[in-house]
Structures are given as C-alpha cells and as structure tokens.
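Let me begin by presenting the structure, written as structure tokens, before commenting on it.
Numbering (the numbering used here), first residue to last: 301 to 498.
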C-alpha cells in the first residue's frame with residue numbers, strides 16, 4: 301500500500317510542479333517548494349527500511365515483510381516499487397506453472413533489466429505450452445484435433461523464435477548500419493548490369 305501511495309504522491313507532486321508557473325512569484329515559489337517536499341516524501345516512502353539483497357541470477361529479494369520470495373533485477377538502487385513488482389511478476393510465473401523455468405531462463409540470458417526479464421519469462425511460457433501441445437497432439441487419435449494442436453504448437457514455437465530474436469536485439473542495442481558504395485568504371489558512375497551492348 302505504501303508503494304501505491306508513494307506513486308500517487310509523486311504524480312500529484314509532478315502536477316503541482318507543472319501548475320506552479322503562475323504570474324505571482326510568491327505563489328510559484330510556494331507551489332514549487334510544496335511539490336519538491338511531496339516528491340521527497342514519495343521517494344522516502346519507496347525506500348526499504350533495510351537494504352534489499354540480491355539472490356539468484358542477480359535479482360533482488362524483497363524483504364520478508366512482504367511475505368513472499370519474489371525476485372527482480374534492478375539496475376538502480378532497489379526500492380519497494382521494485383520489490384512489489386517482483387512479487388507480482390513471480391506470482392504470475394508461479395500461477396502459469398513456469399516459476400523455475402522463468403527464473404532459469406532469466407539467468408541463462410543474463411537479463412539486465414525488467415523488460416529483458418519479462419521477455420525471458422514469456423519465452424519460458426511459450427516454450428512450455430508449445431511442448432505440452434505437441435505432447436498432447438502425439439496422444440490424439442482424431443487427425444483433425446491432432447492437426448489443430450500441432451498448428452497451435454507451431455505458432456507458439458514461431459512466437460518463441462521471434463521473442464528470442466527480440467530479446468537478442470534488446471541486449472545488443474538493435475542498431476542497423478547501411479553501407480553505400482560508389483563504384484566507378486572508366487570515370488563513369490555505374491548502376492546496374494555492366495557488360496554487353498544494348
């Protein structure tokens with residue numbers, strides 16, 4: 301609940317700061333100071349009472365006060381928002397039946413931030429269901445139902461492959477280089493087929 305209050309307080313502070321630009325200088329100064337105090341208070345609410353520790357795969361372990369053992373990698377100093385998001389994300393992975401697979405996938409791709417971690421969790425989920433659907437298809441006697449299961453599995457495998465490529469692009473920076481070369485033969489620029497007469 302503190303995290304929700306802190307985020308609301310932060311939004312109110314940002315709104316107050318935007319509205320503070322009035323023609324009256326004293327009013328502007330007052331509103332700006334109130335906004336700064338509210339922002340500082342919201343940041344204080346997000347600070348954990350004790351430092352958060354890192355666990356498996358470099359992910360942070362939320363304090364026991366949350367009553368759960370969620371995980372999250374944070375590139376900044378972890379706060380209670382990170383811990384609460386961790387709990388929700390790992391709870392979703394557990395409900396989907398991929399908790400261990402999701403954590404292992406995040407570790408194996410060395411996810412650097414929460415987006416990469418979520419992508420790894422989604423890859424684990426797509427893999428699990430693609431394999432389960434294929435296993436179900438192999439047990440089917442009805443050819444129509446078997447083909448439907450195999451097609452669904454194939455679509456999930458394609459989704460997995462696209463997700464893996466997207467994750468690779470996220471990790472490598474996703475830059476594209478176009479190289480243009482100008483070729484000249486006998487002092488003339490050449491485009492297209494070089495050779496015989498027309």
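Even glycine gets a Cβ: it sits at the ideal position worked out from N, Cα and C.
C-beta atoms of residue i and residue j nearer than 9 Å
| i | j | result |
| --- | --- | --- |
| residue 305 | residue 345 | yes |
| residue 437 | residue 450 | yes |
| residue 453 | residue 423 | no |
| residue 331 | residue 317 | yes |
| residue 408 | residue 389 | no |
| residue 471 | residue 416 | yes |
| residue 428 | residue 396 | yes |
| residue 328 | residue 320 | yes |
| residue 430 | residue 401 | no |
Backbone CA spacing between residue i and residue j [nearest angstrom]
| i | j | result |
| --- | --- | --- |
| residue 455 | residue 441 | 21 Å |
| residue 505 | residue 426 | Since the displayed the chain opens at 301 and closes at 498, residue 505 lies outside it and no answer follows. |
| residue 300 | residue 391 | Outside the shown range of the chain (301 to 498) lies residue 300, about which nothing can therefore be said. |
| residue 445 | residue 313 | 57 Å |
| residue 338 | residue 385 | 23 Å |
| residue 412 | residue 325 | 45 Å |
| residue 368 | residue 394 | Because the pLDDT of residue 368 is 40, which lies under 50, any placement of that residue in the model is unreliable, and the question is left without a value. |
| residue 478 | residue 443 | 48 Å |
| residue 466 | residue 473 | 11 Å |
| residue 462 | residue 447 | 22 Å |
| residue 334 | residue 399 | 44 Å |
| residue 351 | residue 480 | 53 Å |
| residue 347 | residue 310 | 14 Å |
| residue 406 | residue 439 | 32 Å |
| residue 315 | residue 387 | 29 Å |
| residue 381 | residue 468 | 27 Å |
| residue 410 | residue 353 | 18 Å |
Extent of the continuous alpha helix (DSSP H) run through residue i
| i | result |
| --- | --- |
| residue 451 | 443-472 |
| residue 403 | 399-408 |
| residue 334 | 325-346 |
| residue 419 | 414-439 |
Outcome for residue i when other beta-carbon atoms lying within 10 angstroms are tallied against a minimum of 16
| i | result |
| --- | --- |
| residue 421 | buried |
| residue 403 | buried |
| residue 340 | exposed |
Cβ-heavy atom distance, residue i to the ligand FAD, below 8 Å
| i | result |
| --- | --- |
| residue 349 | No copy of the ligand FAD occurs in the structure displayed, which carries no ligand at all. |
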